[in-house]
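To start, the structure itself, in structure tokens.
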């Protein structure tokens with residue numbers, strides 16, 4: 269069985285909209301079933317828009333995918349670009365199709381770019397599962413089902429819970445919020461950010477989004493620069509660990525505990541510790557391990573038994589704060605996050 273490392277960087281951010289799942293017309297016709305084939309005969313590939321090399325979230329996704337591949341005894345690959353790169357992602361999909369792959373899992377980071385490769389996959393009879401990011405709005409792309417979140421709802425949940433916890437901790441509402449976006453141009457992070465802004469604006473709280481990257485030092489520098497001209501900022505809303513973990517470091521290095529708090533999306537060991545220490549109010553989890561794990565199983569079931577994946581398999585959102593950490597401690601220890 270092939271290893272799970274991809275040719276364009278391995279590793280293991282983002283989520284999806286419940287309306288973006290597969291429909292019977294788009295995905296149900298993909299892939300004929302070879303009744304003589306067994307799971308060992310198939311090769312499946314996960315091609316996301318990022319990897320664990322730049323984002324801890326995707327390292328967890330890969331762990332789930334790899335665990336399922338091992339259980340299923342299929343040949344599995346994980347091919348995520350080192351940095352957020354939809355163009356490279358599409359190239360990887362086309363290369364996988366040309367190599368004769370039997371099934372593809374992918375995050376649809378840019379629907380306009382994905383039309384041609386997914387149509388090609390359908391024509392070749394290759395089933396596709398969307399993971400973490402579906403096509404938003406009206407469905408036009410041919411994939412079978414979606415495993416992930418509704419990201420606008422995720423953003424709403426982050427902001428609503430953050431405001432409640434902030435008020436409980438300080439006795440007042442925050443004056444200003446900032447949203448560091450570590451992957452500008454990523455549709456799903458845009459939706460997540462919009463959900464946060466919606467709740468903040470409805471509560472008359474000033475909120476700004478700033479463009480950063482997956483580089484922790486750039487995140488820290490951006491937050492320092494923002495605070496230098498917006499000294500009233502008192503809450504950071506992160507869109508994932510790639511911006512959440514640097515926000516923790518920024519607060520600790522600048523002795524801002526009790527002045528600036530963080531709330532966000534996804535949980536890692538560092539974020540767990542920050543929640544325990546009172547720096548991080550809480551986080552919305554979306555089960556990245558489960559997303560990768562289920563994607564492999566859905567593809568295998570389609571290839572072996574002809575079973576169609578559910579249109580949408582929601583993996584969240586679930587809010588985790590200091591009162592609910594016990595629910596995910598084992599998962600964080602075993603998989604790296606939730």
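In this note's numbering, the protein residues as written are 269 to 606. Glycine residues also receive a C-beta, built at the ideal position from the N, C-alpha and C atoms.
Comparing C-alpha positions only, which one of the options sits nearest to residue i?
i: residue 365; options: 314, 406 and 337; result: 314
i: residue 321; options: 583, 483 and 555; result: 483
i: residue 426; options: 326, 309 and 507; result: 507
i: residue 495; options: 446, 378 and 407; result: 446
i: residue 421; options: 584, 444, 453 and 589; result: 584
i: residue 333; options: 467, 571, 367 and 561; result: 561
i: residue 564; options: 317, 341 and 361; result: 341
i: residue 343; options: 451, 309, 497 and 361; result: 309
i: residue 378; options: 361, 392, 355 and 360; result: 355
i: residue 432; options: 587, 326 and 475; result: 587
i: residue 326; options: 347, 466 and 339; result: 347
i: residue 442; options: 559, 479, 504 and 485; result: 504
i: residue 554; options: 532, 491, 567 and 440; result: 532
i: residue 467; options: 444, 480 and 479; result: 444
i: residue 336; options: 362, 367 and 559; result: 559
In chain order, what residues of the same chain lie with their CB nearer than 6 Å to the CB of residue i, ignoring the 5 residues before and after it?
i: residue 603; result: 328, 331 and 557
i: residue 324; result: 509 and 536
i: residue 527; result: none
i: residue 599; result: 606
i: residue 460; result: 419, 422, 423 and 507
i: residue 477; result: 447, 449 and 461
i: residue 541; result: none
i: residue 362; result: 385
i: residue 403; result: 288, 376, 379 and 409
If you drop the 5 nearest sequence neighbours on each side, which residues of the same chain put their C-beta closer than 7 Å to that of residue i?
i: residue 386; result: 396, 409, 410 and 411
i: residue 575; result: 569
i: residue 543; result: 550, 589, 590 and 593
i: residue 488; result: 514, 517 and 518
Counting C-beta neighbours from all protein chains within 10 Å, is the total for residue i 16 or more, i.e. buried, or is it exposed?
i: residue 595; result: exposed
i: residue 277; result: Confidence at residue 277 is low in this model, with a pLDDT of 36, below 50, so its placement is unreliable and the value that follows should be read with caution. By the neighbour-count rule (16 or more Cβ atoms within 10 Å), residue 277 is buried.
i: residue 295; result: Residue confidence for residue 295 is low, a pLDDT of 40 falling below 50, so the modelled location carries little weight; the figure read from the coordinates is stated next. Under this definition residue 295 is a buried residue.
i: residue 418; result: buried
i: residue 453; result: exposed
i: residue 436; result: exposed
i: residue 440; result: exposed
i: residue 490; result: buried
i: residue 374; result: buried
i: residue 545; result: exposed
i: residue 500; result: exposed
i: residue 480; result: buried
i: residue 523; result: exposed
Where do the N-terminal and C-terminal ends of the alpha helix (DSSP H) with residue i fall, by residue?
i: residue 434; result: 419 to 438
i: residue 254; result: Summary: the structure shown does not reach residue 254, with the chain confined to residues 269 through 606, and so no result is reported for it.
i: residue 351; result: Taken as a continuous stretch (DSSP letters only), residue 351 belongs to no alpha helix (DSSP H), as it is neither H nor E.
i: residue 414; result: Run containing residue 414: none in the alpha helix (DSSP H); it sits in the beta strand (DSSP E), 413 to 416.
i: residue 327; result: 324 to 340
i: residue 556; result: 556 to 573
i: residue 455; result: 455 to 470
i: residue 598; result: 597 to 603
Could you pull the start and end residues of the beta strand (DSSP E) that residue i belongs to?
i: residue 346; result: 343 to 346
i: residue 479; result: 474 to 479
i: residue 376; result: Where residue 376 is concerned, there is no enclosing beta strand (DSSP E), given that its DSSP letter is neither H nor E.
i: residue 314; result: 311 to 315
i: residue 552; result: 548 to 553
i: residue 588; result: 586 to 589
i: residue 398; result: 396 to 399
i: residue 444; result: 444 to 449
i: residue 581; result: 580 to 582
Looking only at its own chain, which residues have a Cβ that is under 8 Å from the Cβ of residue i, when we skip the five neighbours before and after it?
i: residue 547; result: 516, 519, 520, 525, 529 and 530
i: residue 291; result: The predicted model places residue 291 with a pLDDT of 41, which falls under 50 and marks its position as unreliable; any figure quoted below should be read in that light. 407 and 579, listed in sequence order.
i: residue 469; result: 475
i: residue 464; result: 423, 424, 426, 427, 445, 447, 475 and 505
Exercise for the section: Just list the beta strand (DSSP E) runs in the stretch 477 to 543, keeping only unbroken ones of 3 residues or longer that don't cross its boundaries, in chain order. Expected result: 501 to 505 and 529 to 533
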